[in-house]
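S.K.:
Residue numbers (the working numbering): 47 to 571.
#1: Less than 8 Å between the C-beta atoms of residue 242 and residue 546, yes or no?
#2: For the candidate residues 272, 220, 404, whose alpha-carbon lies nearest to that of residue 127?
#3: Going by DSSP, what residues sit across from residue 361 in a beta bridge?
#4: What does the alpha-carbon distance come out to for the pair residue 515 and residue 246?
#5: Here's the rule I'm using: 16 or more other beta-carbon atoms within 10 Å means buried, otherwise exposed. How should residue 218 be labelled?
#6: Just the Cα atoms here: how many angstroms apart are residue 176 and residue 134?
#7: Quick one: grab the DSSP three-state call for residue 429.
#8: Provide the residue(s) that pair with residue 508 in DSSP beta bridges, ordered along the chain.
#9: If we ignore side chains and look at the alpha-carbon of each, how far apart do residue 422 and residue 150 end up?
#10: Give the straight-line distance between the Cα atoms of residue 256 and residue 97, rounded to the nearest whole angstrom.
#11: Using the Cα positions of residue 413 and residue 185, report the straight-line distance between them to the nearest angstrom.
#12: Smallest Cα separation from residue 253: which of 220, 416, 173?
#13: Taking 8 Å as the threshold, find out whether the region 357-374 comes into contact with the region 98-116 through three or more Cβ pairs.
#14: By Cβ distance, which residues of its chain are closer than 7 Å to residue 82, with the 5 residues on each side in sequence left out?
#15: Tell me the DSSP secondary structure of residue 560 in three-state form.
#16: Could you check the C-alpha separation between residue 526 and residue 194 for me, to the nearest Å?
#17: Inspect the CB distances between the region 60-78 and the region 288-297 and report whether three or more fall short of 8 Å.
#18: Using DSSP bridges, identify the partner residues of residue 540.
#19: Can the beta-carbon of residue 477 be found closer than 8 Å to that of residue 372?
#20: Going by alpha carbons, who is nearest to residue 358 out of 320, 501, 269, 87?
#21: When we look at the beta-carbon of residue 113 and count the other beta-carbons within 10 Å, is it buried (16 or more) or exposed?
#22: Would you mind sorting residue 570 into buried or exposed? The rule is 16 or more other CB atoms within 10 Å of its CB.
#23: Could you give the distance in angstroms between the alpha-carbon of residue 345 and the alpha-carbon of residue 302?
#24: Below 6 Å CB to CB, which residues in the same chain sit around residue 561 once its five sequence neighbours on both sides are set aside?
#25: For the candidate residues 189, 229, 141, 395, whose alpha-carbon lies nearest to that of residue 168?
#26: Can you give me the C-alpha to C-alpha distance between residue 416 and residue 227, rounded to a whole angstrom?
#27: Mind checking whether residue 53 and residue 330 have CB atoms under 8 Å apart?
#28: Just the C-alpha distance for residue 95 and residue 550, rounded to the nearest angstrom, thanks.
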């Protein structure tokens, strides 16, 4: 059979576009096949509300892990705007109402906020020490994510800090948090980064929480989470332009139906249904899979995981447009500061543990933990001229709501989960959020909710898992890296088929790193 392409990429998400950009620029003939009618996967901007010119980042919404190196090498122009406010966490204690504000631009203000919560200096000193440690780890680990995969020993030597290695890579994160911090609210604020999209708890012996935490604090070598100007669609759009400029062919509306992985000496083959419904097959020297590993197994004819053992997501995504920001019970902080970073709701250490235990027992958590972010405070370009000047977007991300809770009654549980997170939010506001919601052209509140099963239906994320499967530590356990595929952490059980999506080692988040690494593995051959 004549090989039609050097590389066929299954899935046109941002990682597939990164891989296409590198491989096309290297002179390879590249075809990208995307099932949906648009590129970008989860990194898209869409008008979610009828007749309202607001382009929300519907799924993924912030950027931390995307290396500037990738953008520079592909000639991608994207503005990532730094947020001054890191987080705000309302609290109520002994009849007092307040909020813990972490202001990255004003350390004195942050220290005063810690003092208002705890009554002393100890907790802020512990905070500075802990995040000083994670910052040093980030500086050393982040550059390695776009290099050949180090061994465990090599990465440990690179970190060069036995305490940090033990706390982040070897022992459950809860041990470090309980040893370092005394305050329940402060412990919870730290722990949230270990739970984003991951159903786990502080003392999980599998260290699932540690791996999630690590990927949330190493981005860019600083751990900062930045706002993509123009929304996530601007990021994917710029990557698609770079891939086309490199010569890659990008097709939408083309669902891949089968992958024949071929053998070590022969080409692979990809079957797909094109936009006109015509069944087609193309050959390729390499197939890069930007879909989840379980999707790849289905495409090559493998068996599905038995007994519900597949990946599982654990999040609720609520997109909103408000006429104005709501007033807070805490009168010491204004709305733009409180909502300018990550706004934590019901996320103390105790509340997060209780939420996990409730969900593990089959019940929706109450109070429901969530965190909120307002894109439009940092970037109003996503709002068209017809949107009133005071309007703001809100993105709410609910934690500890695993897919298993939705299985029996997806719509009923989705609505119950929505009411739970809104009730918890109302509890820290001075007015009902419903009074601030904008309405669409048909008079309906500008609010949409997506649970794990919706993400599975929309994006083929198995169980709604935003990382495609459990995250892995960014090292290999074996001493021998093997061929180029092994050196980059993108291998599968098929020599000519590589992972280029979030399911690769060093995958997860909007990073482009798996796309880069799969491209390097191909070019290394």
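Each residue gets a CB set at the ideal place from its N, CA and C atoms; glycine is no exception.
M.R.: The structure says:
#1: The residue you call residue 242 lines up with position 196 of the chain shown. The residue you call residue 546 lines up with position 500 of the chain shown. No. Outside cutoff.
#2: In the chain shown, counting from the first residue as 1, residue 127 sits at position 81. Cα-wise, what sits closest to residue 127 is 272.
#3: If you number the chain shown from 1, residue 361 lands on position 315. Residue 361 is bridged to 445.
#4: Taking the chain shown and counting its residues from 1, one reaches residue 515 at position 469. Taking the chain shown and counting its residues from 1, one reaches residue 246 at position 200. If I take the Cα positions, the gap works out to 14 Å.
#5: Along the chain shown, one-based indexing puts residue 218 at 172. Buried.
#6: Here residue 176 refers to the residue found at position 130 when the chain shown is read from its first residue. Here residue 134 refers to the residue found at position 88 when the chain shown is read from its first residue. Distance between the alpha carbons of residue 176 and residue 134: 18 Å.
#7: Working through the chain shown from its first residue, we reach residue 429 at position 383. Three-state DSSP puts residue 429 in a strand.
#8: As a working note, residue 508 is residue 462 in the chain shown. Beta-bridge pairing links residue 508 to no other residue.
#9: Sequence index remark: in the chain shown, residue 422 carries index 376 (1-based). Sequence index remark: in the chain shown, residue 150 carries index 104 (1-based). Roughly 19 Å separates the two Cα atoms.
#10: On the chain shown, position 210 is the one that residue 256 refers to. On the chain shown, position 51 is the one that residue 97 refers to. Approximately 43 Å, taken between the alpha carbons.
#11: As a working note, residue 413 is residue 367 in the chain shown. As a working note, residue 185 is residue 139 in the chain shown. Distance between the alpha carbons of residue 413 and residue 185 is about 36 Å.
#12: On the chain shown, position 207 is the one that residue 253 refers to. Considering only alpha carbons, the answer is 220.
#13: yes
#14: By one-based count along the chain shown, residue 82 stands at place 36. Cβ neighbours of residue 82 beyond the five flanking positions: 298.
#15: The residue labelled residue 560 in the question sits at position 514 within the chain shown. Correct three-state label for residue 560: helix.
#16: Within the chain shown, residue 526 is the residue found at index 480, counting from 1. Within the chain shown, residue 194 is the residue found at index 148, counting from 1. With a pLDDT of 49 at residue 526, under the threshold of 50, the predicted position of this residue should be treated as unreliable, though the coordinate-derived value follows. Rounded to whole angstroms, residue 526 to residue 194 spans 12 Å at the Cα level.
#17: yes
#18: For this step, residue 540 is matched to residue 494 along the chain shown. Bridge partners of residue 540: none, in fact.
#19: Stepping through the chain shown from its first residue, residue 477 is reached at position 431. Stepping through the chain shown from its first residue, residue 372 is reached at position 326. Cβ atoms of residue 477 and residue 372: closer than 8 Å.
#20: Taking the chain shown and counting its residues from 1, the one referred to as residue 358 is at position 312. The residue with the shortest Cα to Cα distance from residue 358 is 501.
#21: As a working note, residue 113 is residue 67 in the chain shown. The residue is buried, with at least 16 neighbouring Cβ atoms inside 10 Å.
#22: Walking along the chain shown from the start, residue 570 turns up at place 524. Exposed, by the Cβ-count rule.
#23: Reading the chain shown from its first residue, position 299 is the one you call residue 345. Reading the chain shown from its first residue, position 256 is the one you call residue 302. Each residue's alpha carbon lies about 8 Å from the other.
#24: Here the question's residue 561 lines up with position 515 in the chain shown. Counting only Cβ-Cβ distances below 6 Å, and skipping sequence neighbours, we find 61, 64, 65, 546.
#25: Locating residue 168 in the chain shown gives position 122, counting from the first residue. Of 189, 229, 141, 395, the residue nearest in Cα terms is 229.
#26: For the purposes of this step, residue 416 is identified with residue 370 of the chain shown, where counting begins at 1. For the purposes of this step, residue 227 is identified with residue 181 of the chain shown, where counting begins at 1. Cα to Cα, the separation comes out at about 21 Å.
#27: Numbered from its first residue, the chain shown carries residue 53 at position 7. Numbered from its first residue, the chain shown carries residue 330 at position 284. Yes, these two residues count as a Cβ contact at 8 Å.
#28: On the chain shown, residue 95 is found 49 positions in, with the first residue counted as 1. On the chain shown, residue 550 is found 504 positions in, with the first residue counted as 1. One C-alpha to the other measures close to 34 Å.
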